[in-house]
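Numbering (this note's numbering), first residue to last: 162 to 562.
Have a look at the structure below before the remarks.
This is the structure in structure tokens:
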């Protein structure tokens, strides 16, 4: 292998290194010794910090498609490691197309396919991502799974991403522009996602719901229904997977789960409005001005059945999927029918009481007949359908114990 590796290094005009991830071994650009570097600055894109994202893609496809043979398209493939791992670790792929507009990345994809003996299943291409995806809407076979994983916003690829999807397929999308999605840059969010995002204590959930809502609305514009089936946020990115189906009537049905969230910064009250409702501007509890975010997705963020299958598969191979198993275990205990979450420090600060552990708050809320759960988005927070008056009473009651 050392001799072969030396020969491979001479094929490229930039330094490379051999890496291992999951069942794949692959060449990538030599990474800087400092961890503080932009993957987009490399001769070919590769982000080692996205290992969990790639793990989750493998686990999701195993859980969703089970034993069904499928086709895959990765239009922004970089080194191709995501597609290669999906081929090796799912056993589901009949054909994969790994594309990148970078010539360096294209050459790496071809070499990495040979290194992993998957060149019979994986085709490399060197096209613009939108050109590739749009061509699938003009008579070429569409894909069962399209994975869009850009640096920054996926918005410019979204419509063509749907055009590349076949009937009853999956589109998986990553967004790393969390400053726009979480309300730090509201004009950027409006420009990219046609949504107003404001800062709230549950800003990470807003990010997921804005992206999911944008996907649903984009699909509906071209006569497709996009139903979110799995979503999460971790560190610097959020991922949303949607089931793509044809049909305007079905698209309209899913659009009914688009709406608005109004939040009161003074008393923490939440108000949920469906898309045809008009959000009020002042809080009915304390008369303060409300912060309104949306349009966004108001439905469930994931299927409990899919998460359970993903966790069981990950737990069976902990040596490979340990971090993913930890995340999925948290998701198993999260009630995704509940919108928003409350960090205990935020509530305690407003009420001027000592913070309490979220698990204790959850137990008390459940004892009073309300839904409540933890959330993977903030380990110091809780989700509930209890009105803010009940939440405050619980905090006051617990602080007196």
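Ideal Cβ positions, reconstructed from N, Cα and C, are used throughout, including at glycine.
Keep in mind the model is a prediction, meaning the values are calculated, not measured.
Which word fits residue i, buried or exposed, when buried means at least 16 other C-beta atoms lie within 10 angstroms of its C-beta?
i: residue 423; result: buried
i: residue 413; result: exposed
i: residue 397; result: exposed
i: residue 289; result: exposed
i: residue 171; result: exposed
i: residue 222; result: buried
i: residue 193; result: exposed
i: residue 162; result: Any reading at residue 162 must be qualified, since the residue scores a pLDDT of 49, below 50, and its modelled position is unreliable; the value itself is stated next. Classification of residue 162: exposed, given that the 10 Å Cβ count is below 16.
i: residue 354; result: buried
i: residue 447; result: exposed
i: residue 500; result: buried
i: residue 544; result: buried
i: residue 174; result: exposed
i: residue 479; result: exposed
i: residue 557; result: exposed
i: residue 525; result: buried
i: residue 369; result: buried
i: residue 430; result: buried
With DSSP as the reference, label residue i as helix, strand or coil.
i: residue 162; result: Low local confidence applies: a pLDDT of 49 at residue 162 is under 50, so the model's placement there is unreliable, with the coordinate-based value given in what follows. Residue state, collapsed to three classes: coil.
i: residue 389; result: strand
i: residue 383; result: coil
i: residue 648; result: Outside the shown range of the chain, which is 162 to 562, sits residue 648, and nothing can be said about it.
i: residue 472; result: helix
i: residue 409; result: helix
i: residue 397; result: coil
i: residue 219; result: helix
i: residue 306; result: strand
i: residue 334; result: strand
i: residue 438; result: coil
i: residue 322; result: helix
i: residue 180; result: strand
i: residue 186; result: strand
i: residue 327; result: strand
i: residue 554; result: helix
i: residue 500; result: coil
i: residue 424; result: strand
i: residue 301; result: coil
i: residue 636; result: Nothing about residue 636 can be read from this structure; the chain reaches only from 162 to 562.
i: residue 531; result: coil
i: residue 374; result: helix
i: residue 286; result: strand
i: residue 262; result: coil
i: residue 491; result: helix
i: residue 343; result: coil
i: residue 313; result: coil
i: residue 571; result: Because the chain is modelled from 162 through 562, residue 571 falls outside the range shown and cannot be assessed.
Which one of the options has the shortest CA to CA distance from residue i?
i: residue 360; options: 340, 372 and 375; result: 340
i: residue 342; options: 357, 286 and 278; result: 357
i: residue 393; options: 337, 435, 386 and 385; result: 337
i: residue 365; options: 420, 188, 536 and 186; result: 536
i: residue 470; options: 489, 367 and 387; result: 489
i: residue 528; options: 165, 432, 552 and 505; result: 552
i: residue 300; options: 280, 327 and 492; result: 327
i: residue 351; options: 334, 375 and 278; result: 375
i: residue 267; options: 279, 281 and 285; result: 285
i: residue 549; options: 455, 426 and 456; result: 426
i: residue 492; options: 466, 175 and 522; result: 466
i: residue 230; options: 330, 181, 541 and 211; result: 330
i: residue 242; options: 265, 464 and 215; result: 215
i: residue 239; options: 476, 262, 183 and 504; result: 262
i: residue 546; options: 228, 189 and 523; result: 523
i: residue 403; options: 494, 462 and 520; result: 462
i: residue 435; options: 457, 506 and 442; result: 457
i: residue 444; options: 180, 455, 497 and 428; result: 428
i: residue 227; options: 473, 514 and 519; result: 473
i: residue 196; options: 210, 184 and 183; result: 210
i: residue 314; options: 562, 349, 302 and 442; result: 349
Am I right that residue i and residue j are in contact with their C-beta atoms under 8 Å? What's the rounded C-beta distance?
i: residue 460; j: residue 389; result: 7 Å
i: residue 385; j: residue 405; result: 6 Å
i: residue 419; j: residue 377; result: 6 Å
i: residue 188; j: residue 269; result: 6 Å
i: residue 504; j: residue 542; result: 4 Å
i: residue 563; j: residue 380; result: Missing from the structure shown is residue 563; the chain here goes from 162 to 562 and no further.
i: residue 400; j: residue 217; result: 7 Å
Does the beta carbon of residue i sit closer than 7 Å to a beta carbon anywhere in chain C?
i: residue 280; result: No chain C is part of this structure, which consists of one protein chain only.
Are three or more beta carbon pairs between the segment 443–452 and the segment 199–217 nearer than 8 Å?
With a cut-off of 8 Å, the segment 199–217 and the segment 443–452 do not count as touching, because too few Cβ pairs lie within range.
Taking three-plus beta-carbon pairs below 8 Å as touching, is the segment 241–253 in contact with the segment 264–278?
Contact between the segment 241–253 and the segment 264–278 is present, because at least three Cβ pairs lie under 8 Å.
Three CB pairs or more closer than 8 Å across the segment 307–321 and the segment 255–264
With the cut-off at 8 Å, the segment 307–321 and the segment 255–264 do not touch.
Taking three-plus beta-carbon pairs below 8 Å as touching, is the segment 294–301 in contact with the segment 315–329?
Judged by pairs of C-beta atoms under 8 Å, the segment 294–301 touches the segment 315–329, as three or more such pairs exist.
Would the segment 258–265 count as touching the segment 228–244 if we require 3 or more Cβ pairs under 8 Å?
With a cut-off of 8 Å, the segment 228–244 and the segment 258–265 count as touching, because enough Cβ pairs lie within range.
Do three or more CB pairs link the segment 505–518 to the segment 474–493 at distances below 8 Å?
Short answer: they don't touch.
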